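Read through the structure below, which is laid out as structure tokens, and then see the notes.
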Amino acid sequence: MRLYVSEKKVLFLIILGLVQVAIYLRILALDNLGLNISNFVSLFLICFVFYILSILVINRNTKSNLSIKKIFFIIIIFSIIFRIILILLKPTLSHDMMRFLWDGRLIFHGINPYLYTPESSELDALKDVAYFINYEFKHTLTVYPPIAQFIFGVAYFFADGNPFGIKLITTFFDLMNIFVLTLLMKNINPKNLLSGIMIYAWSPLLIMESTGNGHIEPIPIFFILLSLLFLVKSRICLSSVSYSSACLSKLFPILLLPIFLIYLRNFSRRKTKKFLVWFIIISSIVLIPILLSSGLNLLYQIFWYSQNITYNSSLYRIIELIFSFNSTVNVARIVTYSAFIVTGFLFLRNKNLTSFIEFVEGCLILFGLFLLFAPAVFQWYLIWLLPFIAILGINRKNVGWFYFTVAVILAYLPQFSFDYDVNSIALIQYLPLYAILILSAFTANKPFKSLSDWVRLIAKPKA
Numbered sequence: 001m002r003l004y005v006s007e008k009k010v011l012f013l014i015i016l017g018l019v020q021v022a023i024y025l026r027i028l029a030l031d032n033l034g035l036n037i038s039n040f041v042s043l044f045l046i047c048f049v050f051y052i053l054s055i056l057v058i059n060r061n062t063k064s065n066l067s068i069k070k071i072f073f074i075i076i077i078f079s080i081i082f083r084i085i086l087i088l089l090k091p092t093l094s095h096d097m098m099r100f101l102w103d104g105r106l107i108f109h110g111i112n113p114y115l116y117t118p119e120s121s122e123l124d125a126l127k128d129v130a131y132f133i134n135y136e137f138k139h140t141l142t143v144y145p146p147i148a149q150f151i152f153g154v155a156y157f158f159a160d161g162n163p164f165g166i167k168l169i170t171t172f173f174d175l176m177n178i179f180v181l182t183l184l185m186k187n188i189n190p191k192n193l194l195s196g197i198m199i200y201a202w203s204p205l206l207i208m209e210s211t212g213n214g215h216i217e218p219i220p221i222f223f224i225l226l227s228l229l230f231l232v233k234s235r236i237c238l239s240s241v242s243y244s245s246a247c248l249s250k251l252f253p254i255l256l257l258p259i260f261l262i263y264l265r266n267f268s269r270r271k272t273k274k275f276l277v278w279f280i281i282i283s284s285i286v287l288i289p290i291l292l293s294s295g296l297n298l299l300y301q302i303f304w305y306s307q308n309i310t311y312n313s314s315l316y317r318i319i320e321l322i323f324s325f326n327s328t329v330n331v332a333r334i335v336t337y338s339a340f341i342v343t344g345f346l347f348l349r350n351k352n353l354t355s356f357i358e359f360v361e362g363c364l365i366l367f368g369l370f371l372l373f374a375p376a377v378f379q380w381y382l383i384w385l386l387p388f389i390a391i392l393g394i395n396r397k398n399v400g401w402f403y404f405t406v407a408v409i410l411a412y413l414p415q416f417s418f419d420y421d422v423n424s425i426a427l428i429q430y431l432p433l434y435a436i437l438i439l440s441a442f443t444a445n446k447p448f449k450s451l452s453d454w455v456r457l458i459a460k461p462k463a
């Protein structure tokens, strides 16, 4: 029996999904990824290739409504299967899960997590847990905002000290993000709905770092997407409440406050004022009790983190080398953060946010700029780029950031194995990134814009 083009497309997508299932099962079989880091990174890169092939299949025109429904169903089913597999994985690539469990344990026992460091003698009675011994940052206060702490407490209540509780909640929010992203794209970019959902839902980085390693990025991303959805529907108060919730789940979304206000100002100063007022109200309601009960501990820890944690940086690595002569004052960090603020200001000053798509592009670039300047660029930080890339589709302007979501996984190699050089791995990550970003900037107005066009350009270069 002869298959129609749409049927072949559906069948090919199923095959690609099954291959990725097999890869995730193989990753699960590695058990401790830190002890098998080369094998893990190799499997991740292979999985990313099949992920890109899946996006390319989706990007081909689908004219039949029945085919669209079938493909959407396949995307959702495999999204769930991928996550079911990796929710069973031990989170061995970072110490963050230990902090989540510890903070949840304190909340469960009625102790304010912002008051004490884990090594404090006041907490001796709670240190009889296996993960406490191996936790690296016993001397630091928690850096996680109140909504994140609430999640940790809920997870501990239901799962005790088992990472499965936090991973289950994170995975739930991750799947909810697919739902909210679908609603959002139906409103603003329906023609790219399938590819947008695929970009987010099948991302190996997202699946590994959220469901696999238990990082909580899907929670604030849920509130960001919800805020964008309410913004599209002109529900300014609800948009602001959702955005505030994102900031109170993790700190990164605060970077977007200026661009939210600039975008709203283009339409109405009243809307801008309303958004800002509700942001201040919600933040005050949540943070004032924290400040009254534990002083400035949370702010102090945020400052400490910004001054002491370094990992997989790019521009900061160069600036630090230039100012390495100064050992008393961290001049490199001051210069780096100042450079980011100035660059961000110049970008926002010259940005004309007259459409929602331009607003989303601005959010992506602002996050991207921060990652270029940041002293610490952990793998899960790149998850923040994915929802914006999904909304926009992969094109000339953001293909560099999309590349970074695979290249960043290489940073695990020198972290867990002496066989790899930190600086060499950094060059492998960042040289192509900057080359692509520069090329994208100079060719932004060329006619071909999609991922498929980039592939065709590489395969058949013009004479």
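In the numbering used here, the protein residues as written are 1 to 463.
Where is the CB? At the ideal position from N, CA and C, for every residue including glycine.
For clarity, every value in this text was computed on a predicted model and none was experimentally measured.
For residue i, name the three-state secondary structure that DSSP assigns.
| i | result |
| --- | --- |
| Y311 | strand |
| A339 | helix |
| A374 | coil |
| F137 | coil |
| K167 | helix |
| I151 | helix |
| R83 | helix |
| D539 | The structure shown has nothing for residue 539, since the chain only spans 1 to 463. |
| L18 | helix |
| T405 | helix |
| P91 | coil |
| L3 | Because the pLDDT at L3 is just 43, under 50, the model does not fix this residue reliably, and the point stays unresolved. |
| N189 | coil |
| P118 | coil |
| D96 | helix |
| D31 | coil |
| S324 | coil |
| P289 | helix |
| I111 | coil |
| W380 | helix |
Does the Cβ of residue i have 16 or more other Cβ atoms within 10 Å, making it buried, or fewer, making it exposed?
| i | result |
| --- | --- |
| L205 | buried |
| H139 | exposed |
| F267 | exposed |
| A155 | buried |
| D421 | exposed |
| P461 | Because P461 carries a pLDDT of 44, less than 50, the predicted location of this residue cannot be relied on, and no value is offered for it. |
| L106 | buried |
| D419 | exposed |
| P218 | buried |
| I84 | exposed |
| T170 | buried |
| K9 | buried |
| I383 | buried |
| L372 | buried |
| D103 | buried |
| Y4 | For Y4, the predicted structure reports a pLDDT of 47, less than 50, and the residue's modelled location is therefore unreliable. A value from the coordinates is still provided. Classification of Y4: exposed, given that the 10 Å Cβ count is below 16. |
Of the residues the options, which one's Cα is nearest the Cα of residue i?
| i | options | result |
| --- | --- | --- |
| P220 | P253, V241 and P190 | P253 |
| Y311 | P375, L183 and Y430 | P375 |
| Y381 | L392, F388, G393 and F367 | F367 |
| L348 | E361, P145 and W304 | E361 |
| A435 | F418, Y420 and N398 | N398 |
| I199 | I425, S79 and F418 | S79 |
| S54 | L16, P91 and I216 | L16 |
| V335 | L346, E320 and G165 | E320 |
| F73 | F179, S338, L299 and F404 | F179 |
| E468 | I71, Q301 and N59 | The displayed coordinates of the chain run from 1 to 463. Any statement about residue 468 would go beyond what the structure contains. |
| G196 | I58, L298, N134 and N112 | I58 |
| F472 | S120, R26, S284 and I391 | In the structure as shown, the chain starts at 1 and stops at 463, and residue 472 therefore has no counterpart that could be examined. |
| F137 | I87, F100, A22 and R396 | F100 |
| N395 | S227, L439 and S314 | L439 |
| A159 | V342, I81, F108 and Y337 | F108 |
Can we count residue i as close to the ligand MG, meaning its CB is less than 7 Å from some heavy atom?
| i | result |
| --- | --- |
| L348 | Among the components of this structure there are no ligands whatsoever, and the ligand MG is therefore not found. |
Are at least three pairs of beta-carbons, each pair with one atom in the region 410-423 and one in the region 211-228, less than 8 Å apart? By the Cβ test, the region 410-423 is not in contact with the region 211-228, since fewer than three Cβ pairs between them sit closer than 8 Å.
The region 295-306 in contact with the region 265-282 per 3-pair CB rule at 8 Å: With the cut-off at 8 Å, the region 295-306 and the region 265-282 do not touch.
Do the region 87-102 and the region 23-42 make contact, defined as three or more Cβ pairs closer than 8 Å? Short answer: they touch.
Taking three-plus beta-carbon pairs below 8 Å as touching, is the region 143-163 in contact with the region 181-191? With contact defined as three or more Cβ pairs closer than 8 Å, the region 143-163 and the region 181-191 are not in contact.
Inspect the CB distances between the region 233-244 and the region 156-168 and report whether three or more fall short of 8 Å. Touching, no, given that fewer than three Cβ pairs across the two stretches are closer than 8 Å.
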